[in-house]
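What follows is a short report on a single structure.
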Amino acid sequence: MSALSPRQMFLLDEACKPIAEAFEPPYLVGTAVTRQEYRDVDVRLILADERYGRLRKAVGKRGLALLGLAIGEYLAARTGLPIDFQIQQQTAANHHHPGGMRNPLGLRHLGNYGGDAPLLKVTSSEGREQGA
């Protein structure tokens, strides 16, 4: 269960849509996924090895670090959350964090935020069923 409120999750998910469109969906990982208390919100863009290699070749190791910082600042500004954003190679991410929970971001729509109360069937004044 995520430590983020539905509003925070909505803001983070919406802010990640351009990242998902440009690259792949990033993931919410770390303590914000597994505990109620967190120091920062870990978001990772995990790229297939070949794609990661092409990006690293194009911008260099420092360029990847700068992209991570810039995207993290963008996400923090959009959400108000203390974001730690990193771009990672898939093989390295899987090796260092085997079995870790990953919550994909940037894919949800408004229907995912409808609340937790189930719809009940109600009868209108004309006797027709509505809802559920």
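Okay, so the sequence shown: first residue is 81 according to my numbering, each after it adds one.
The beta-carbon is built from N, C-alpha and C at its ideal position, and this holds for glycine as well.
No experiment lies behind these values; they were computed from the predicted model shown.
Per-residue burial, residue i [other beta carbons within 10 Å of its own, 16 or more giving buried]
i    : result
L127 : buried
M89  : buried
T114 : exposed
T203 : exposed
A138 : exposed
Q116 : exposed
A102 : exposed
Proximity of residue i and residue j at Cβ, strictly below 8 Å
i    : j    : result
I167 : L200 : no
G179 : P105 : no
T171 : D129 : yes
L135 : L149 : no
R158 : L91  : yes
Q169 : Y118 : no
Coil, strand or helix - residue i by DSSP
i    : result
L108 : strand
R124 : strand
Q170 : helix
F165 : strand
P184 : strand
Inter-residue CB distance, residue i and residue j (contact presumed, cutoff 8 Å)
i   : j    : result
D93 : I163 : The pair is not a contact, with the Cβ atoms about 13 Å apart (cut-off 8 Å).
### Task
Pair every Cβ in the stretch 136-153 with every Cβ in the stretch 107-118, then say whether three or more of these pairs are closer than 8 Å.
Touching, no, given that fewer than three Cβ pairs across the two stretches are closer than 8 Å.
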